[in-house]
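*Asks:* Sequential numbering of the sequence shown, starting at 104, is according to the numbering used here.
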Amino acid sequence: MCPSNHRRSSDPFQNPCQFPKMRERPLIVFPLSVGHRSFSQSHICSLFWSRNEQVNCESIYEEVLMFRKSAISACAAASLTIIPAQQASADLGDALVGAAVGGVVGGVIVDQVHKKKQAEARANTRRTTKTYNSGYKRKASYNSVQRQENRDVQTSLNHFNFPAGTPDGVFGRNTRSAMSSYQSFMGYPQTGQLTEFERTVLVNSYHRSIAGGAGTSEIIANSQYGQRGLLKHTQQEMAGGTSATVASYQAANVQAGTNPAFAAFSLPNFGKASDTSSIANHCNQVNLVTNTNGGYTKASDITDPAFALSEQFCLARIYAIAKSEDLSSKVTGISSSDMQAQCETLSPSFKDQISALSLIGRDEVISQTGAKVLSTGMSPAQLSNTANICLGVGYRTDNADVALASTLILVTLGQPAYGELLGHHLVNGFGTLQRNDLALQWYTSANDAIASGQPAVFAPTQVERPDLIQAAALKLDATQAPEAVTKSTATFSLPVFTAQ
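Have a look at this one:
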């Protein structure tokens, strides 16, 4: 800036402003009729200073160079030429003309400077607003909505016993595995990623299950899949047809027709399905009490026979899961989620035999199961290996029906020590009715097998364990068994897991 106390000169070309670092530079020369005049940096300063423009002379000089085209247009010049400022010596008339021209140039430049600064300010404001609004806020809003939708999917998967882990809104390995299992159960392609239709069926079924009601309870009670039957029912409702229609639509994208069928005979139903409580939660509570008591109940200290049996049930469950994991690690070419999905086909295949556990004695149940096993055409070794793997899968995924079907196969194949597990289910009502009298038959046969020399399959080093179980079972009250149910001859197929 020019000093405020500097004396103003009447001659605008006598360097009224002194700049220590200023040097003469070539500047624009306008071809005028009175001659050519060049202006140095100090001349420009004097012109603006004479107009009381409070500007920085150095920046104004640069603006003259940058906006020379605008200056030419304002002065209606035909051309411009660069010449050294040393030629700026002419008469006073030319100087006055140059001063007038400089005033015009200065006005144009000041306007350009102001316009440029205003444009930059507006641009900065737009960039800031756009970045804040579209960058931060919109992204945060999107992430929040997406994570909530993901949490809904994870919660729904867990509810229907497709373990997805903690509902944190992030789809990791556990969630993708759970989605694959859900897709396998529903007959969808196992991609590990849900389509909008698959997600809608899952989440709607979850909300329907939570809301409850007589209609929902009836669907679950009448379905062979228990609570998961609600998924199948919702799928059929949304697809507008039967299960066969849905499968046909998924395979060929063309809805197949269905043949009319006679309505099946049905009885009024005012009860509920068998207890589907979580075995895992039950064992967590039992283990907590066991730790508080300082260890497992001993045969000489049985005051609560049901709790003593629950302790041994949870211990056997741990052994079953460990053996299953050991065997499955030797099976190649199949993922854990696929193995789980195949094991889940056991429960509908052995649905009648599982139901018979709550109704008829041990010997007849084994007879029915034996006929079913023979129809598979699989070797005993294959069946045994498969049943051991699926037994652990059933307990690990909290699927009582898979565990029951696997145990029935093992007992039928000549391993009666596994019958202990069937007794535990009948005592606690996991996948069966609570039948202490029928449970005693399975406990006794397992104990007799071990006493006759067959190896114990659970906690083999605890030699007193069979006697403890038998003593606790004898203390339970027995009840009368109801009539038997008729047998079914539906076709089915079993998974095959062969260890390498």
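Beta carbons are placed, not taken as given, at the ideal position from N, Cα and C, and that holds for glycine.
If you compare alpha carbons, which of Asp-501, Gln-537, Ile-553 is closest to Gly-522?
*Replies:* With distances taken between Cα atoms, Gly-522 lies closest to Ile-553.
*Asks:* Would you please state the rounded distance, in angstroms, between the beta carbons of His-527 and Gly-534? I believe it to be under 8 Å.
*Replies:* With a Cβ gap of about 11 Å, His-527 and Gly-534 do not count as contacting.
*Asks:* Return yes when the Cβ of Val-496 is within less than 7 Å of the Cβ of Gln-604, no when it is not.
*Replies:* Residue 604 cannot be examined here, being either before or after the span of the chain that is shown, 104 to 603.
*Asks:* Grab me the residues of Arg-499's own chain with a C-beta within less than 6 Å of its C-beta, minus the 5 sequence neighbours each way, in chain order.
*Replies:* If we look at Arg-499 and ignore the five residues flanking it on each side, its Cβ neighbours are Ile-424.
*Asks:* Quick one: what's got a C-beta closer than 7 Å to Ser-548's C-beta in the same chain, skipping five residues either side?
*Replies:* Once the five neighbours on either side are set aside, the close Cβ partners of Ser-548 are Arg-465, Pro-519, Gly-522.
*Asks:* DSSP state of Ala-559, grouped into three classes?
*Replies:* It is coil, neither helix nor strand.
*Asks:* Terminal residues of the continuous alpha helix (DSSP H) containing Gly-517?
*Replies:* Here Gly-517 belongs to no alpha helix (DSSP H), and DSSP marks it neither H nor E.
*Asks:* Counting C-beta neighbours from all protein chains within 10 Å, is the total for Gly-398 16 or more, i.e. buried, or is it exposed?
*Replies:* Looking at its Cβ environment, which holds fewer than 16 other Cβ atoms inside 10 Å, Gly-398 is exposed.
*Asks:* Tell me the rounded alpha-carbon separation between Arg-254 and Thr-479.
*Replies:* If I take the Cα positions, the gap works out to 41 Å.
*Asks:* From which residue to which residue does the alpha helix (DSSP H) around Val-550 run?
*Replies:* It should be noted that the sequence gives Asn, not Val, for residue 550. First-last of the alpha helix (DSSP H) with Asn-550: 539-554.
*Asks:* Could you check if Ile-469 is buried or exposed, using at least 16 other CB atoms within 10 Å of its CB as the buried criterion?
*Replies:* Ile-469 comes out buried.
*Asks:* Below 8 Å on the Cβ atoms is my contact criterion, and I expect Glu-447 with Val-505 to pass it. Report the Cβ-Cβ distance as a whole number of Å.
*Replies:* Right, their Cβ atoms sit about 6 Å apart.
*Asks:* Of the choices Met-289, Thr-258, Asn-539, whose alpha-carbon is the least far from that of Thr-278?
*Replies:* For the residues Met-289, Thr-258, Asn-539, the minimum Cα distance to Thr-278 belongs to Thr-258.
*Asks:* Reducing DSSP to helix, strand and coil, say where Glu-447 ends up.
*Replies:* Three-state result, Glu-447: coil.
*Asks:* Can you give me the Cβ contacts of Asn-264 inside the same chain, cut-off strictly under 8 Å, excluding the 5 residues immediately before and after it?
*Replies:* Hits under 8 Å: Gln-330, Arg-331, Thr-500, Asp-501, Asn-502.
*Asks:* Are the CB atoms of Gln-338 and Val-306 nearer to each other than 7 Å?
*Replies:* Not in contact: Gln-338 and Val-306 (Cβ atoms no closer than 7 Å).
*Asks:* Can at least three beta-carbon pairs, one atom from the stretch 404-420 and one from the stretch 560-577, be found at a separation below 8 Å?
*Replies:* As far as the Cβ criterion goes, the stretch 404-420 touches the stretch 560-577, which means the pair count is three or higher.
*Asks:* Tell me whether Val-409 sits in a helix, a strand or coil according to DSSP, three-state version.
*Replies:* A small fix is needed here, since residue 409 is Ala in this sequence, not Val. Helix at Ala-409.
*Asks:* Label Ala-474 either buried or exposed according to how many other C-beta atoms from any shown protein chain fall within 10 Å of its C-beta, with 16 as the threshold for buried.
*Replies:* Result: exposed.
*Asks:* I'd like the list of long-range same chain contacts for Leu-73, defined as Cβ closer than 8 Å, with 5 residues on each side in sequence excluded.
*Replies:* Outside the displayed range of the chain (104 to 603) lies residue 73, so it cannot be described from this structure.
*Asks:* Smallest Cα separation from Thr-564: which of Leu-418, Gln-327, Tyr-309?
*Replies:* Considering only alpha carbons, the answer is Leu-418.
*Asks:* On the DSSP letters alone, give me the boundaries of the alpha helix (DSSP H) that Ala-484 sits inside.
*Replies:* 483-499 is the extent of the alpha helix (DSSP H) around Ala-484.
*Asks:* With Gln-471 as the anchor, note down where its alpha helix (DSSP H) starts and where it stops.
*Replies:* Unbroken alpha helix (DSSP H) run through Gln-471: 465-477.
*Asks:* Apart from the five residues on each side of it in sequence, which residues of its chain come closer than 6 Å, Cβ to Cβ, to Ile-492?
*Replies:* If we look at Ile-492 and ignore the five residues flanking it on each side, its Cβ neighbours are Ser-427, Leu-430, Ser-431, Phe-600.
*Asks:* Use the C-beta contact count for Glu-301: other C-beta atoms within 10 angstroms, 16 or more gives buried, fewer gives exposed.
*Replies:* Under this definition Glu-301 is a buried residue.
*Asks:* With a threshold of 16 other CB atoms inside 10 Å of the CB of Gln-544, please say whether the residue is buried or exposed.
*Replies:* Answer is buried; the Cβ neighbour count reaches 16.
*Asks:* Which residue comes first and which comes last in the alpha helix (DSSP H) that contains Thr-319?
*Replies:* Per DSSP, Thr-319 belongs to the alpha helix (DSSP H) from 317-325.
*Asks:* Leaving out five residues before and five after Tyr-422 in sequence, what residues of the same chain have Cβ atoms less than 6 Å from its Cβ?
*Replies:* Correct list, in chain order: Phe-561.
*Asks:* Please report the straight-line C-alpha distance between Thr-319 and Met-289, rounded to a whole angstrom.
*Replies:* The alpha-carbon atoms of Thr-319 and Met-289 are separated by roughly 19 Å.
*Asks:* Between which residues of its own chain and Gln-46 is the CB-CB distance below 8 Å, once the five residues before and five after are set aside?
*Replies:* Absent from the model: residue 46. The displayed extent of the chain is 104 to 603, so no value can be given.
*Asks:* For the alpha helix (DSSP H) that Ala-267 lies in, which residues bound it at each end?
*Replies:* Counting along the chain, Ala-267 falls outside any alpha helix (DSSP H), and DSSP gives it neither H nor E.
*Asks:* Whole angstroms are fine: how far does the CA of Asn-539 sit from the CA of Ala-459?
*Replies:* So the alpha carbons of these two residues sit roughly 15 Å apart.
*Asks:* Mapping the DSSP letters down to three states, classify Gly-329 as helix, strand or coil.
*Replies:* The answer is helix: DSSP assigns Gly-329 an H, G or I state.
*Asks:* Can you tell me the Cα-Cα spacing of Ser-283 and Leu-511, whole angstroms?
*Replies:* Roughly 27 Å between the two C-alpha positions.
*Asks:* Nearest by alpha-carbon distance to Ser-452: which of Thr-435, Leu-507, Pro-266 is it?
*Replies:* It is Leu-507.
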